[in-house]
Amino acid sequence: MSFIVAIDGPAGAGKGTVTEEVSKRLGLVNIGSGSAYRAVALETINKGIAINETEKIIDLLDKIKIEFGMKNNKDIIYLNGEDVTERIREKDVSQTVSQVSSIKEVRFKLNDIFRKCADGKNVIMEGRDIGTYVFPNADVKIYLDATPEERANRRFRQNKEKGIEMTYEEVLENIKMRDKNDMEKEIGALAKAEDAIYIDSTGMSVEEEVQKVLDVIGKIN
Ligand code: DC
Numbered sequence: 002m003s004f005i006v007a008i009d010g011p012a013g014a015g016k017g018t019v020t021e022e023v024s025k026r027l028g029l030v031n032i033g034s035g036s037a038y039r040a041v042a043l044e045t046i047n048k049g050i051a052i053n054e055t056e057k058i059i060d061l062l063d064k065i066k067i068e069f070g071m072k073n074n075k076d077i078i079y080l081n082g083e084d085v086t087e088r089i090r091e092k093d094v095s096q097t098v099s100q101v102s103s104i105k106e107v108r109f110k111l112n113d114i115f116r117k118c119a120d121g122k123n124v125i126m127e128g129r130d131i132g133t134y135v136f137p138n139a140d141v142k143i144y145l146d147a148t149p150e151e152r153a154n155r156r157f158r159q160n161k162e163k164g165i166e167m168t169y170e171e172v173l174e175n176i177k178m179r180d181k182n183d184m185e186k187e188i189g190a191l192a193k194a195e196d197a198i199y200i201d202s203t204g205m206s207v208e209e210e211v212q213k214v215l216d217v218i219g220k221i222n
């Protein structure tokens, strides 16, 4: 028997941060689906495959090994045995991942990995289609949202800390473009599951978001 918490929502809603924190507090295994899509995108870059070479990307899937782990109390993702947790956040990966994640064979392969990783465990998982498609029978489903302006503000501040030069307007434009791509994807589109609890995190601190999610899980559990 496993217990599954599915958290979906758009880019910049705080899913990654909140999920990592909640997983630690409740002792749940954290499977980051976005990170897995990023790892596949990184492998295409490593192999020098262009984003439009769909067949070559599909061929890669048989050889690729993606694993999740923990190091110094931090969630880690391994690509073919190498820790790529930091690398997958870089710009080249961010620019290719959306297209890679639109390939249905990539989605089938990763969904398979996610389901195997979750088998028999207590899991929290964040993404775009976890409550709707990957785990439609999840015990708890949450849709974490915030206005595009709030999400752009958060991303703008994170970029500043990391020394990434982008204006607020550019970041906002990027967020709106990703929302559109994510929602219009043919399969695995971002959507709120009918039975998901909607949380609007606009104006909330990270701790407030964490508390809200813990409240929802506590009420259902
Ligand atoms: O959450 P993130 O920014 O790390 O996600 C990276 C990309 O992967 C993003 O373009 C959306 C896509 N993705 C997806 O299609 N389905 C998921 N379950 C998770 C992420």
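First residue of the sequence shown: 2, per the numbering used here; consecutive thereafter.
Where is the CB? At the ideal position from N, CA and C, for every residue including glycine.
All figures in this text were calculated on a predicted structure; none of them were measured in a lab.
Per DSSP, cross-strand counterpart(s) of residue i
i, result
"residue 146", "201"
"residue 157", "In the DSSP output, where bridge partners are listed per residue, residue 157 has none listed."
"residue 33", "127"
As assigned by DSSP and simplified to three states, the class of residue i
i, result
"residue 138", "coil"
"residue 28", "coil"
"residue 5", "strand"
"residue 12", "coil"
"residue 188", "coil"
"residue 195", "coil"
"residue 177", "helix"
"residue 165", "coil"
"residue 220", "helix"
"residue 226", "Since the first residue of the chain shown is 2 and the last is 222, residue 226 is not available in this structure."
Cβ neighbour criterion (16 or more within 10 Å) applied to residue i
i, result
"residue 42", "buried"
"residue 126", "buried"
"residue 185", "exposed"
"residue 115", "buried"
"residue 151", "buried"
"residue 81", "exposed"
"residue 97", "buried"
"residue 188", "exposed"
"residue 210", "buried"
"residue 199", "exposed"
"residue 13", "buried"
"residue 203", "exposed"
"residue 146", "buried"
"residue 207", "exposed"
"residue 63", "exposed"
"residue 165", "exposed"
"residue 44", "buried"
"residue 49", "exposed"
"residue 37", "buried"
Residue from the options whose Cα sits closest to the Cα of residue i
i, options, result
"residue 7", "187, 207, 136", "136"
"residue 169", "179, 163, 178, 158", "158"
"residue 139", "149, 45, 108, 194", "194"
"residue 21", "62, 74, 163, 84", "74"
"residue 72", "19, 182, 87", "87"
"residue 113", "94, 85, 67", "67"
"residue 176", "95, 119, 89, 28", "95"
"residue 10", "181, 29, 221, 3", "181"
"residue 212", "105, 3, 19", "19"
"residue 1", "156, 179, 218", "A query on residue 1 cannot be resolved here, the shown segment of the chain reaching from 2 to 222 and no further."
"residue 196", "162, 190, 131", "131"
"residue 53", "103, 191, 35, 90", "103"
"residue 156", "17, 4, 129", "17"
"residue 28", "205, 122, 141", "122"
C-beta neighbour in chain B for residue i, strict 8 Å
i, result
"residue 150", "Checking the listed chains, one finds no chain B in this structure; it contains a single protein chain."
Task: Contained alpha helix (DSSP H) runs [length at least 4] in the segment 51-131, N- to C-terminal order - done: 55-61, 92-101, 105-119
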